[in-house]
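*Asks:*
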Amino acid sequence: MNRARSLIKYSFTRLALAPIMLLLISTLVFFLLRIAPGDPVDAILGNRADFAAREALRIKLGLDMPLINQYFNYINGLIHGNLGESLNNQEPVIQIIGKLLPASIELALIALIIALIIGFSVGFLGIARPEGKTDLAVRLFGIGTYALAPFWAAMLFQIFFSVILGWLPVGGRFPPELIPPEGTGFFIFDSLINGDTTSLYGSVRHLFLPAATLGILLSGVFSRSLRLNLEQILNTNYIQAARSRGIKENNVILYHALPNAMLPILTIAGLTIASLIGGALLIEVTFSWPGIALGLQEAINQRDYPMVQGIVVVISSLVVLISLFIDILIAFIDPRIKY
Amino acid sequence: MNLIKILMFRKYLKIVINLTAILLVFCQISCTQSTNNKRITIASKGKIDSLDPAQANKLLALQLISALGDTLYRIDSNGTLEPRLAEAEPKISKDGLNILIPLRKDVVFHDGTRFNAKAMAFSLKRFINIGTLNYIIDDRIESIETPEEFVLKIKLSRPSSSIKGLLTSINLTPISPSSYAGYKNKFLNETLIGTGPYKLSSYSPERQTLEPFENYWGEKPNNKGLNYISFNTSTSLFSAIKTGQIDILLSNAIEDGHRLALHNLSKKGLLIEGEGPAMQIGYIAFRTNSNLLENKTIREALLYSIDRKLISKQVSYNLREPLRSLIPPILQVNKKSQWPKYNPIIAKELYKNAGFCNNKILNLPLTFRSNVPSDKLLALTWQEQVKRDLSDCLEISLNGVESTTVYKQLSEGIYEAVILGWTGDYPDPYAYLSPLLDCKEIVLETCREGEAVFGGTFWANNELQESLENSETLFSEERTKELSKAEMLAADGASILPVWILNQRVWMQTNFDNPQFDGNGRLLLEKITNNNE
Numbered sequence: 000m001n002r003a004r005s006l007i008k009y010s011f012t013r014l015a016l017a018p019i020m021l022l023l024i025s026t027l028v029f030f031l032l033r034i035a036p037g038d039p040v041d042a043i044l045g046n047r048a049d050f051a052a053r054e055a056l057r058i059k060l061g062l063d064m065p066l067i068n069q070y071f072n073y074i075n076g077l078i079h080g081n082l083g084e085s086l087n088n089q090e091p092v093i094q095i096i097g098k099l100l101p102a103s104i105e106l107a108l109i110a111l112i113i114a115l116i117i118g119f120s121v122g123f124l125g126i127a128r129p130e131g132k133t134d135l136a137v138r139l140f141g142i143g144t145y146a147l148a149p150f151w152a153a154m155l156f157q158i159f160f161s162v163i164l165g166w167l168p169v170g171g172r173f174p175p176e177l178i179p180p181e182g183t184g185f186f187i188f189d190s191l192i193n194g195d196t197t198s199l200y201g202s203v204r205h206l207f208l209p210a211a212t213l214g215i216l217l218s219g220v221f222s223r224s225l226r227l228n229l230e231q232i233l234n235t236n237y238i239q240a241a242r243s244r245g246i247k248e249n250n251v252i253l254y255h256a257l258p259n260a261m262l263p264i265l266t267i268a269g270l271t272i273a274s275l276i277g278g279a280l281l282i283e284v285t286f287s288w289p290g291i292a293l294g295l296q297e298a299i300n301q302r303d304y305p306m307v308q309g310i311v312v313v314i315s316s317l318v319v320l321i322s323l324f325i326d327i328l329i330a331f332i333d334p335r336i337k338y
Numbered sequence: 000m001n002l003i004k005i006l007m008f009r010k011y012l013k014i015v016i017n018l019t020a021i022l023l024v025f026c027q028i029s030c031t032q033s034t035n036n037k038r039i040t041i042a043s044k045g046k047i048d049s050l051d052p053a054q055a056n057k058l059l060a061l062q063l064i065s066a067l068g069d070t071l072y073r074i075d076s077n078g079t080l081e082p083r084l085a086e087a088e089p090k091i092s093k094d095g096l097n098i099l100i101p102l103r104k105d106v107v108f109h110d111g112t113r114f115n116a117k118a119m120a121f122s123l124k125r126f127i128n129i130g131t132l133n134y135i136i137d138d139r140i141e142s143i144e145t146p147e148e149f150v151l152k153i154k155l156s157r158p159s160s161s162i163k164g165l166l167t168s169i170n171l172t173p174i175s176p177s178s179y180a181g182y183k184n185k186f187l188n189e190t191l192i193g194t195g196p197y198k199l200s201s202y203s204p205e206r207q208t209l210e211p212f213e214n215y216w217g218e219k220p221n222n223k224g225l226n227y228i229s230f231n232t233s234t235s236l237f238s239a240i241k242t243g244q245i246d247i248l249l250s251n252a253i254e255d256g257h258r259l260a261l262h263n264l265s266k267k268g269l270l271i272e273g274e275g276p277a278m279q280i281g282y283i284a285f286r287t288n289s290n291l292l293e294n295k296t297i298r299e300a301l302l303y304s305i306d307r308k309l310i311s312k313q314v315s316y317n318l319r320e321p322l323r324s325l326i327p328p329i330l331q332v333n334k335k336s337q338w339p340k341y342n343p344i345i346a347k348e349l350y351k352n353a354g355f356c357n358n359k360i361l362n363l364p365l366t367f368r369s370n371v372p373s374d375k376l377l378a379l380t381w382q383e384q385v386k387r388d389l390s391d392c393l394e395i396s397l398n399g400v401e402s403t404t405v406y407k408q409l410s411e412g413i414y415e416a417v418i419l420g421w422t423g424d425y426p427d428p429y430a431y432l433s434p435l436l437d438c439k440e441i442v443l444e445t446c447r448e449g450e451a452v453f454g455g456t457f458w459a460n461n462e463l464q465e466s467l468e469n470s471e472t473l474f475s476e477e478r479t480k481e482l483s484k485a486e487m488l489a490a491d492g493a494s495i496l497p498v499w500i501l502n503q504r505v506w507m508q509t510n511f512d513n514p515q516f517d518g519n520g521r522l523l524l525e526k527i528t529n530n531n532e
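Chains as they are written, first to last, in numbering that gives the first Met the number 0: chain A, 0 to 338; chain B, 0 to 532.
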């Protein structure tokens, strides 16, 4: 079998496995949520409603049905692309997620770009003078940013840049005095498409601090990986051979060392963005960023089962798809990889 | 290593310097840019998931709905019933079963359609049919009729003197039948077509924009509109008001430390602080059918064991008023506190009478809602106060449980003593007493079915139950007396220990006039005036 056919077969196999994985995740989430203490009816009504009111709401929300019926209804809906309705406000879950997801993706993408810029710059600084003072500082930066508690860092940044310096807004996604641009839900993109510079400016100002905080916290991982990978690769025989053939150092690094050093970083970047979409909770909470992680937290607090299930399915799908894409990309780039 | 060297020094430094310069310019422009927008920015904690009066159940949403719509009546800041969409006070028949409400004739909805009795009936029926909190009606309304275009007739299934208070409930805000024609049996979360002084111009759960309604029947708003935004943390809210990012901070969910800091800023004249009537009570419920607390003497001893003043000072810096009643002071006519004051000497006597103190220490497991910071502080402070004053008789062991789980397990009789909070669904003493004490089936002072079960006390008393029911058939002083009697019996039963009361507070930048509240504890947004305009 030639390489192209193997790659296609591999991709299809992975794609075929994805729904099974999602089904397992959905089933697990469905039952774990029901096992967890608390009840959506109590979350909605608090401790104030009487038995009849509780039962009426329970029937209305479909929570009176046997668990197995609820499960099959849920799976049936899922197969047909229906994630159900939020127990909290009876809106379709897919619509709510559609409003939350762009905010998270926008934040994750910009944070990743910032992380890559800072991480690569710092990583290069370290490899320039291995084992020197700069390298030590770079290593400390890598470990420090990785170890820093996100909520603490976020609050420090918020206090310094918003409260003390007053440069950037404390939180939110868009200036309160403006009406958000209509379109895809990606405010920066929508502002650009509409040619609305005021909205663009407002969006960027609100995005900058959470994205920079997240980016700086993540940059350590990239700087460490780049530094370690480049260091290893620059000591390999094929690099020595390239140097001995008289190839310029710039070209050795750019065309021979860097592409190989980038492979693990590509994997890290892919998984980072996937996890960021659903995992930037503390940043979203601190900066009041209306993303999907915050939505998930609120849904859990409210015991909004369909909402939690929907968000988990969407995030899992994204993680599966992105990791699949990265695997295929790496398999495509690196001829050594067998599948 | 040429590339790296190049990256490292000159060029890299230049790039960094240039980027920093751009960033600084960018930030400086943003700092110097004044907001020419004339709408007032109000921030609160938490999102607004629904603007549908039939669905909304959070204080924040109700506050916003009160700006977008009007109710038939409103309780003013003195506690008096004030007609809004009604033209006059309701006329109640002698048997107390029929209520006639004359309506204003000059009111239009935001969609331009006319407000009349049919619109009011549509809204009431819709709330009874699908309202999340429709249990507040408690089967009291038998039918709703519209004998004339501007007269509403409500037929009750039983006399109910608290119905007037119920008619002030924000959940009964009328909505336009034509705009909600497709939403008779489902919620419309993203808009509200009401009759209020403002109309909604944009909505998302975390931000809403309101503009003055040009055809409003009443006094026009004093401002040019509102931006309503939400933040997730108390710190963000505090920072936002301090830095001037928002004009007004309106939140009961703000932490007590921040509350104090804001209070101090307003004392220094850097902010304006406003206080609404206190409506949210905090109390401890005792499970009276447990082996430990079925002994009334122990419960009575506990009533004497809490130093409310100390707790209020330590937890809220005196910003929460100690409370020895279940009814908020604004709704009390005789202003009498039925629960005993802190008295460790009497407490010790009672513990001794119950067989404790002589090397036998009573251990009280106290549960608090772990996601409510003030509850945790209350529990910790009471624990320490007991250690200081009553350590030879009582010790308190603490247990934090998330609120949703607490509510679920209250009726299962899991908690011996639990810290809870309550805000009446409408401003009436009955809306405080009935939900905490009412019982449908009583067996020897134990409630088998009713609110007392859902409240986790399982305590009931036939005389109190009669008193509560009688109060619904009485008016004026007689009603007040009956409710006082009910409260006195509740205090005597010692199933509930009121601790404190919290009022709605608002903080504004100094260019605004003093805020005004209604008797429901809601800020009158239309009265806010920006003196810089």
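Cβ atoms here follow ideal geometry from the backbone N, Cα and C, with glycine treated the same way.
(1) Following the continuous alpha helix (DSSP H) through Q296/A, name the residue where it begins and the one where it ends.
(2) Assuming S168/B contacts D424/B under a Cβ cut-off of 8 Å, what Cβ separation, rounded to an integer in Å, is found between them?
(3) Between the Cα of I326/B and those of W421/B, S235/B, P196/B and D491/B, spot the shortest distance and give me the residue it belongs to.
(4) Would you grab the beta carbon distance between T242/B and S161/A for me? Rounded to a whole angstrom, and I think it's under 8 Å.
(5) Please decide whether L293/A counts as near chain B, where near means a Cβ-Cβ distance under 9 Å.
(6) Starting from I441/B and walking both ways along the beta strand (DSSP E), at which residues does that stretch end?
(7) Check the DSSP bridge columns for Q279/B and list the partner residues they point to.
(8) Can you give me the start and stop residues for the alpha helix (DSSP H) that A17/A sits inside?
(9) Using a C-beta cutoff of 9 Å, does P289/A count as contacting chain B?
(10) For the region 240-257 of chain B, enumerate the residues whose C-beta is nearer than 9 Å to any C-beta of chain A, in chain order.
(11) Since K434/B contacts L389/B with CB under 8 Å, what's their CB separation in whole angstroms?
(12) Could you name the residues of chain A that I413/B contacts, counting a contact when the two beta carbons are closer than 7 Å?
(13) Any residues in the region 49-73 of chain A with a beta carbon nearer than 9 Å to a beta carbon of chain B? Which ones, in chain order?
(14) Take every Cβ of the region 316-333 of chain B, pair it with every Cβ of the region 249-263 of chain B, and state whether three or more of those distances are shorter than 8 Å.
(15) Tell me which same chain residues have a C-beta within less than 6 Å of the C-beta of I240/B, skipping the five on either side of it?
(16) Along chain B, which residues have their Cβ under 7 Å away from the Cβ of S161/A?
(17) Please classify V137/A as buried or exposed, where buried requires at least 16 neighbouring CB atoms within 10 angstroms.
(18) Closer than 9 Å, CB to CB, is K132/A near chain B or not?
(19) Which ranges would you report for the beta strand (DSSP E) in the region 73-112 of chain B if only whole runs of at least 3 residues count?
(20) Cβ of W421/B within 8 Å of any heavy atom in the ligand NAP?
(21) Are three or more beta carbon pairs between the region 185-196 of chain A and the region 46-54 of chain B nearer than 8 Å?
(22) Within the same chain, show all residues whose beta-carbon is closer than 6 Å to that of N352/B, passing over the 5 residues directly before and after it, in chain order.
(23) So with Cβ pairs under 9 Å, would you call K375/B a contact of chain A?
(24) Anything in chain B within Cβ reach of T285/A, meaning under 9 Å, just list it in chain order.
(25) Does K185/B come within less than 9 Å of chain A when only Cβ atoms are used?
(26) Please list, in chain order, the residues of the region 115-126 of chain B that have any C-beta partner in chain A closer than 8 Å.
(27) What is the DSSP secondary structure of G194/A, counted as helix, strand or coil?
(28) Which of the residues in the region 166-194 of chain A, read from start to end, lie with their CB under 9 Å from any CB of chain B?
(29) If we define contact as Cβ-Cβ less than 9 Å, is A42/B a contact residue for chain A?
(30) Which residues share a DSSP beta bridge with F230/B?
(31) Look at the alpha carbon of A114/A and the alpha carbon of I104/A, and state the distance between them as a whole number of angstroms.
(32) Would you check if the region 116-128 of chain B and the region 376-391 of chain B touch, i.e. whether three or more CB-CB distances between them fall below 8 Å?
(33) With a cut-off of 8 Å on the beta carbons, I'd call T479/B and N333/B a contact; round off their distance for me.
(34) Between which two residues does the beta strand (DSSP E) holding E147/B run?
(35) What residues of chain B sit near V43/A, judged by a beta carbon separation below 9 Å?
(36) Which residues of the region 190-218 of chain B have a Cβ closer than 9 Å to any Cβ of chain A? Give them in chain order.
*Replies:* Answer, in terms of the structure:
(1) I291 to N300
(2) 6 Å
(3) W421/B
(4) 6 Å
(5) yes
(6) E440 to V442
(7) T422/B and L501/B
(8) R2 to I34
(9) yes
(10) K241, T242, G243, Q244 and I245
(11) A small correction: the amino acid at residue 434/B is Pro; Lys does not occupy that position in the sequence shown. In fact, because the Cβ distance is near 31 Å, the residues do not count as touching under 8 Å.
(12) Near I413/B there are no residues of chain A at all, since even the closest Cβ is about 10 Å away, more than 7 Å.
(13) D49, F50, A51, A52, R53, A55, L56 and K59
(14) yes
(15) L248 and W506
(16) S238 and T242
(17) buried
(18) no
(19) 80-82 and 97-101
(20) This structure simply doesn't include the ligand NAP, nor any ligand for that matter.
(21) no
(22) T296
(23) no
(24) N231, T232, T234 and S235
(25) yes
(26) none
(27) coil
(28) W166, L167, P168, V169, G170, G171, R172, F173, P174, P175, E176, L177, I178 and P179
(29) yes
(30) K44/B
(31) 15 Å
(32) no
(33) 7 Å
(34) I140 to E147
(35) In the sequence as displayed, the identity of residue 43/A is Ile instead of Val. Per Cβ cutoff of 9 Å: N56 and T131.
(36) S200, S201, S203, P204, E205, R206 and T208
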